[in-house]
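Chains as they are written, first to last, in my numbering: chain U, 6 to 405; chain D, 6 to 405; chain E, 29 to 166; chain B, 29 to 166.
Heads up, the beta-carbon is just placed ideally off N, CA and C, and yes, glycines get one too.
Just so we're clear, the structure is a prediction, and the values are computed from it rather than from any experiment.
Shown next, in structure tokens, is the structure this report addresses.
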Amino acid sequence: MLSSPWRSDFPALAVMEAQGEVYLDSAATAQKPQALISALTGYYTSGAANVHRAQHASAERATRAFEGTRTKLASWLNAAEPTEIIFTRGATEALNLLAYGMEAHIDAGDEIAITALEHHANLLPWQQLAQRRNAHLVVLPLDKAGHIDLEAATQLIGPRTRVLAASQLSNVLGTQQPLHRLLPLAKAQGALTVVDGAQGIVHQRTDVRSLGCDFYVLSSHKLYGPEGVGVLYGRREALARLRHWQFGGEMVQLAEFQHAQFRPAPLGFEAGTPPIAGVIGLGAVLDYLGGLDQAALAAHEHRLHRMLVDGLAMRDGIRLLGRPDCALASFTVEGVHPADLSHLLTEQGVAVRSGTHCAMPLMGRLGVSGAIRASLAFYNDGADLEVFFCALDRALELLR
Amino acid sequence: MLSSPWRSDFPALAVMEAQGEVYLDSAATAQKPQALISALTGYYTSGAANVHRAQHASAERATRAFEGTRTKLASWLNAAEPTEIIFTRGATEALNLLAYGMEAHIDAGDEIAITALEHHANLLPWQQLAQRRNAHLVVLPLDKAGHIDLEAATQLIGPRTRVLAASQLSNVLGTQQPLHRLLPLAKAQGALTVVDGAQGIVHQRTDVRSLGCDFYVLSSHKLYGPEGVGVLYGRREALARLRHWQFGGEMVQLAEFQHAQFRPAPLGFEAGTPPIAGVIGLGAVLDYLGGLDQAALAAHEHRLHRMLVDGLAMRDGIRLLGRPDCALASFTVEGVHPADLSHLLTEQGVAVRSGTHCAMPLMGRLGVSGAIRASLAFYNDGADLEVFFCALDRALELLR
Amino acid sequence: MNEPTLPPAAREAIDAFTGAAGWEQRARLLMQWGERLEPLADSERSDENRVRGCESQVWLIASEHDSRWHFRADSEARLLRGLLAVLLARVDGLDAQALRTVDVAEWFNRLGLGRQLSPSRANGINAVLSRMQALAAR
Amino acid sequence: MNEPTLPPAAREAIDAFTGAAGWEQRARLLMQWGERLEPLADSERSDENRVRGCESQVWLIASEHDSRWHFRADSEARLLRGLLAVLLARVDGLDAQALRTVDVAEWFNRLGLGRQLSPSRANGINAVLSRMQALAAR
Ligand SMILES: Cc1ncc(COP(=O)(O)O)c(C=O)c1O
Ligand SMILES: Cc1ncc(COP(=O)(O)O)c(C=O)c1O
Numbered sequence: 006m007l008s009s010p011w012r013s014d015f016p017a018l019a020v021m022e023a024q025g026e027v028y029l030d031s032a033a034t035a036q037k038p039q040a041l042i043s044a045l046t047g048y049y050t051s052g053a054a055n056v057h058r059a060q061h062a063s064a065e066r067a068t069r070a071f072e073g074t075r076t077k078l079a080s081w082l083n084a085a086e087p088t089e090i091i092f093t094r095g096a097t098e099a100l101n102l103l104a105y106g107m108e109a110h111i112d113a114g115d116e117i118a119i120t121a122l123e124h125h126a127n128l129l130p131w132q133q134l135a136q137r138r139n140a141h142l143v144v145l146p147l148d149k150a151g152h153i154d155l156e157a158a159t160q161l162i163g164p165r166t167r168v169l170a171a172s173q174l175s176n177v178l179g180t181q182q183p184l185h186r187l188l189p190l191a192k193a194q195g196a197l198t199v200v201d202g203a204q205g206i207v208h209q210r211t212d213v214r215s216l217g218c219d220f221y222v223l224s225s226h227k228l229y230g231p232e233g234v235g236v237l238y239g240r241r242e243a244l245a246r247l248r249h250w251q252f253g254g255e256m257v258q259l260a261e262f263q264h265a266q267f268r269p270a271p272l273g274f275e276a277g278t279p280p281i282a283g284v285i286g287l288g289a290v291l292d293y294l295g296g297l298d299q300a301a302l303a304a305h306e307h308r309l310h311r312m313l314v315d316g317l318a319m320r321d322g323i324r325l326l327g328r329p330d331c332a333l334a335s336f337t338v339e340g341v342h343p344a345d346l347s348h349l350l351t352e353q354g355v356a357v358r359s360g361t362h363c364a365m366p367l368m369g370r371l372g373v374s375g376a377i378r379a380s381l382a383f384y385n386d387g388a389d390l391e392v393f394f395c396a397l398d399r400a401l402e403l404l405r
Numbered sequence: 006m007l008s009s010p011w012r013s014d015f016p017a018l019a020v021m022e023a024q025g026e027v028y029l030d031s032a033a034t035a036q037k038p039q040a041l042i043s044a045l046t047g048y049y050t051s052g053a054a055n056v057h058r059a060q061h062a063s064a065e066r067a068t069r070a071f072e073g074t075r076t077k078l079a080s081w082l083n084a085a086e087p088t089e090i091i092f093t094r095g096a097t098e099a100l101n102l103l104a105y106g107m108e109a110h111i112d113a114g115d116e117i118a119i120t121a122l123e124h125h126a127n128l129l130p131w132q133q134l135a136q137r138r139n140a141h142l143v144v145l146p147l148d149k150a151g152h153i154d155l156e157a158a159t160q161l162i163g164p165r166t167r168v169l170a171a172s173q174l175s176n177v178l179g180t181q182q183p184l185h186r187l188l189p190l191a192k193a194q195g196a197l198t199v200v201d202g203a204q205g206i207v208h209q210r211t212d213v214r215s216l217g218c219d220f221y222v223l224s225s226h227k228l229y230g231p232e233g234v235g236v237l238y239g240r241r242e243a244l245a246r247l248r249h250w251q252f253g254g255e256m257v258q259l260a261e262f263q264h265a266q267f268r269p270a271p272l273g274f275e276a277g278t279p280p281i282a283g284v285i286g287l288g289a290v291l292d293y294l295g296g297l298d299q300a301a302l303a304a305h306e307h308r309l310h311r312m313l314v315d316g317l318a319m320r321d322g323i324r325l326l327g328r329p330d331c332a333l334a335s336f337t338v339e340g341v342h343p344a345d346l347s348h349l350l351t352e353q354g355v356a357v358r359s360g361t362h363c364a365m366p367l368m369g370r371l372g373v374s375g376a377i378r379a380s381l382a383f384y385n386d387g388a389d390l391e392v393f394f395c396a397l398d399r400a401l402e403l404l405r
Numbered sequence: 029m030n031e032p033t034l035p036p037a038a039r040e041a042i043d044a045f046t047g048a049a050g051w052e053q054r055a056r057l058l059m060q061w062g063e064r065l066e067p068l069a070d071s072e073r074s075d076e077n078r079v080r081g082c083e084s085q086v087w088l089i090a091s092e093h094d095s096r097w098h099f100r101a102d103s104e105a106r107l108l109r110g111l112l113a114v115l116l117a118r119v120d121g122l123d124a125q126a127l128r129t130v131d132v133a134e135w136f137n138r139l140g141l142g143r144q145l146s147p148s149r150a151n152g153i154n155a156v157l158s159r160m161q162a163l164a165a166r
Numbered sequence: 029m030n031e032p033t034l035p036p037a038a039r040e041a042i043d044a045f046t047g048a049a050g051w052e053q054r055a056r057l058l059m060q061w062g063e064r065l066e067p068l069a070d071s072e073r074s075d076e077n078r079v080r081g082c083e084s085q086v087w088l089i090a091s092e093h094d095s096r097w098h099f100r101a102d103s104e105a106r107l108l109r110g111l112l113a114v115l116l117a118r119v120d121g122l123d124a125q126a127l128r129t130v131d132v133a134e135w136f137n138r139l140g141l142g143r144q145l146s147p148s149r150a151n152g153i154n155a156v157l158s159r160m161q162a163l164a165a166r
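Written out as structure tokens, the structure reads:
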């Protein structure tokens, strides 16, 4: 039986197990390692302080720890320097920051390209930007498996394309996107490239420089860190093209009543008191993750994913959405409403997600109104999947 | 000797004390009660989940706790209903949300009134809005003590005033503002009223309905809660006038590629995964605060503040900024640079803040380039102030 | 809850559900109850009649007779239909005043269905109730 | 740190500060060292010469001679002037390459002034160093 050697690092799993709960919704948010809990407790127990402002001892400690996470993230992503890392509330805020920050570069008739599988967070900010500027939102189609159709993309990305925004890993299909081939198409046209790494970063270490994107966003809470923290990586030259967006606090260089000058990135884009404990906690999580055997972890995730996909394939009437490469699988069952299925899985203590997964337009293209998604993390065991399949069978027996 | 019966509820204070540190910077951010630390640990230990999305058990628990805080805040502020409470990252984000959300109501030549003592967070969003819309930012002056000059305000608030944004309690002067008389001036002109309660809420329970404002903002981290969480209260009718600002996640009702419909407040203004643990933690802090003897607490804070102000007044060459009503005192010392003074206070383990306190234009009006601020919380003791004054005397001896 | 005023369907629900042992029996009961919903015509499954705030589609139609409100509801999801039927059993025939004050959480708890009353939008029974109250208040 | 290349002023700083006992003596020393800064003319305290990123005002002027960089700096805050003097003692006369690699944190630690090297903008020694490096790289 496939068992996770890291499971005990996550105290919630034992508690949930004792309550008969199995967690297969890590793509929504991940459980947290003890390292995070200890870091938060440690920070709040030893003296909180605001960052970047005061010079007293607790402020220095907080600022050092806070900036320490920025440095860790820069090396985690292989950014050129820590100043290329901006803290936001989450991936969603990072994408909104980009869409507002780039507004001045979008003229009437310009094009913004996204893909057909984007999460609402990487669709709506661009859609609304296009509406504000009378620009066109161009949607790159997918192939059958759920990968971006590169041939179509080659046709659709053109001289009016100003921005290309695409996910690294689909939160619905579990498909890894061919960004190494897609991004150059946009760059060749002088467009800025934005990668939504909210799911991707969780399942593969990403080198933003070899990926060659201008911007990369992620959410801490999916990467085993606390909620309320997101990361925007921006290539130095690309960041310099963003207009300031939120105002206040320490992002200002010089403030007069009628006039102000703002700091450059990163601080110029971090208005107000940031989520200090959260950022420090994310740093502790990166330390924890960095200490794990990456190869063992990848192999474990791969085996789990195979079990999941194979188990679904074995069962009658189950339709997998796309051909998931890793992390998760979404499916529908012929003649069964996903809400009914997830209702009965919930009754049996199995946590999966049902619905449109914040990707309504993709659902439309796939011709389904909703789907069940089971998603994995390295703390899951083979036993979790056994419980899931057993619950699935009983539920379907009842419903069909 | 004045001693705080609540001090031991804040574990960091004992740790700091053991290190010879005295914390007098609570206006920047407050230390956290054990109740918060336990709530965070409890949440992350028993199973994290995303809110509003799934129906499985952990998601239900998280959503219930998250929404529970919304309900607690509504009653804490005496809002008409929980749907009038929006969670943001902090006061700064709440004020930016308002400035962007009201953009469509501001035309060229319109006026936005703020006061001369606003924190950058309640100045810059309005300044930038005025610039975007070719409107005028009108700055209401102060009297000598540091209260808004109501006579001048009566002259300056007029038929073109669309918004009045004012602080309840100044983070520099410690003066409580005469909002009960100021806000009606703006309302009489049909303007929307915004109260920055970031400091005010910490030292007085506020009833937003008797205050009669349209919007009220606060930051959790100053109210003994975690950073990364802010609150925007909006009267139902006032919220309905805001345009949606950030897009993504669960704020959407219906999404198509080229078109979307958004939810009303509060969810429509909470794009992306919110700071779940932080919000739950804030709920625990409200429970803790609500259980304290409010009269004893106010009396303690009042006595501490008297000690602080009297002690400063006794010393030669110290100039107090304004006449602080509560919470804090800012001062300069003749012939001594504030940075030097705070440097030597830091050396002696005393945490105060020096600089412009995110209110550069106010500093300009007061004719100082910076000041030292000592700020209090109910966990401070008379002994903290003794250490402070002793350190102050030694520092001044060295510097003069 | 004011026992004597409970409609017969509500009493029936109590009898049925409080006797249910385990999730499977509860689920079967819900599906049976779902079958009892008065069907909606296709034309009634309109955008207008859709209840916002449910993850699954739910339609609701209200009519008033002698100050008493009568509701019909439908959904594509079978268990949700069962929950709707159980809700209707409790509220159908109430006047606007009673509708405003009915304690649905208590009702579902009593039937052992408390856990189904999601605070999120996942099933949306709360949204359905709000909609009923709004319709009755017009 | 390459000991033999330490300028005389740096050796002097080491002697002075490593012998200091307690914060008061350190503060007095810093103030004395601050007095040794070459004064700036009023015209040199210009916006152009101001170092961004310091909470207190700091001005910095750089000149190059035989590939070696010479700096003058000033501030209104006396202890900060002392810190600037101590920094200059270490970096004055270095070439651009040495400037880029100088380990200022190590230098201040060695003098027992490590805590003064704030990661925030509160005193801004880091900002001053960055500015020096930028000026020398032009
Ligand atoms: C692909 C993708 N992008 C963006 C997001 C938004 O992340 P958050 O809600 O943390 O801002 C998600 C999370 O659901 C996601 O899966
Ligand atoms: C009066 C006032 N308004 C707004 C703010 C901004 O709060 P935050 O940084 O938490 O967004 C502060 C905090 O410094 C403040 O004192």
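What number of angstroms, rounded off, separates the C-alpha of residue i from the C-alpha of residue j?
i	j	result
Leu197 of chain U	Arg167 of chain U	6 Å
Ala276 of chain U	Gly387 of chain D	35 Å
Glu232 of chain D	Gly375 of chain U	36 Å
Gly52 of chain D	Thr46 of chain D	10 Å
Pro279 of chain U	Gln173 of chain U	27 Å
Ala113 of chain U	Gly253 of chain D	23 Å
Phe136 of chain B	Ile153 of chain B	10 Å
Arg210 of chain U	Trp81 of chain U	8 Å
Ser103 of chain B	Glu76 of chain B	14 Å
Glu352 of chain D	Ala400 of chain D	9 Å
Asp43 of chain B	Ala117 of chain B	12 Å
Leu7 of chain D	His305 of chain D	8 Å
Ile162 of chain D	Ala171 of chain D	13 Å
Val167 of chain B	Pro271 of chain U	Missing from the structure shown is residue 167 of chain B; chain B here goes from 29 to 166 and no further.
For residue i, which beta-bridge partners are listed by DSSP?
i	result
Tyr238 of chain D	D:Ile90 and D:Tyr221
His141 of chain U	U:Glu116
Tyr28 of chain D	D:Ala356
Arg399 of chain D	Per DSSP, none; premise fails for Arg399 of chain D.
Which residues in the same chain have their Cβ closer than 7 Å to the Cβ of residue i, if we skip the five residues on either side of it in sequence?
i	result
Leu142 of chain D	Ile117, Ile119, Trp131, Gln132 and Ala135
Using C-beta distances below 6 Å, list every residue in its chain close to residue i, excluding the 5 sequence neighbours before and after it, in chain order.
i	result
Arg106 of chain E	Met59 and Gly62
His124 of chain U	Asn176, Cys363 and Ala364
Ala19 of chain D	none
Assuming residue i contacts residue j under a Cβ cut-off of 8 Å, what Cβ separation, rounded to an integer in Å, is found between them?
i	j	result
Ala67 of chain U	Val56 of chain U	5 Å
Leu397 of chain D	Asp345 of chain D	Not confirmed; about 12 Å, so no contact.
Task: Contact residues within the region 43 to 58 of chain B, judged by C-beta distance below 8 Å to chain D - done: Listed in sequence order: Trp51, Glu52, Arg54, Ala55 and Arg56.
TODO: Compile a chain-ordered list of the residues in the region 83 to 105 of chain E whose CB is closer than 9 Å to at least one CB of chain U.
DONE: Taking a C-beta cut-off of 9 Å against chain U, the contacting residues of the region 83 to 105 of chain E are Glu83, Ser84, Gln85, Ser103, Glu104 and Ala105, listed in chain order.
Task: Members of the region 368 to 402 of chain U near chain D, C-beta cut-off 7 Å - done: Taking 7 Å as the Cβ-Cβ cut-off against chain D, none of the residues of the region 368 to 402 of chain U qualify.
Task: Where the region 275 to 297 of chain U meets chain D: residues whose CB sits under 8 Å from a CB there - done: Within the region 275 to 297 of chain U, the qualifying residues are Ala276, Gly277, Thr278, Pro279, Pro280, Ile281, Ala282 and Gly283.
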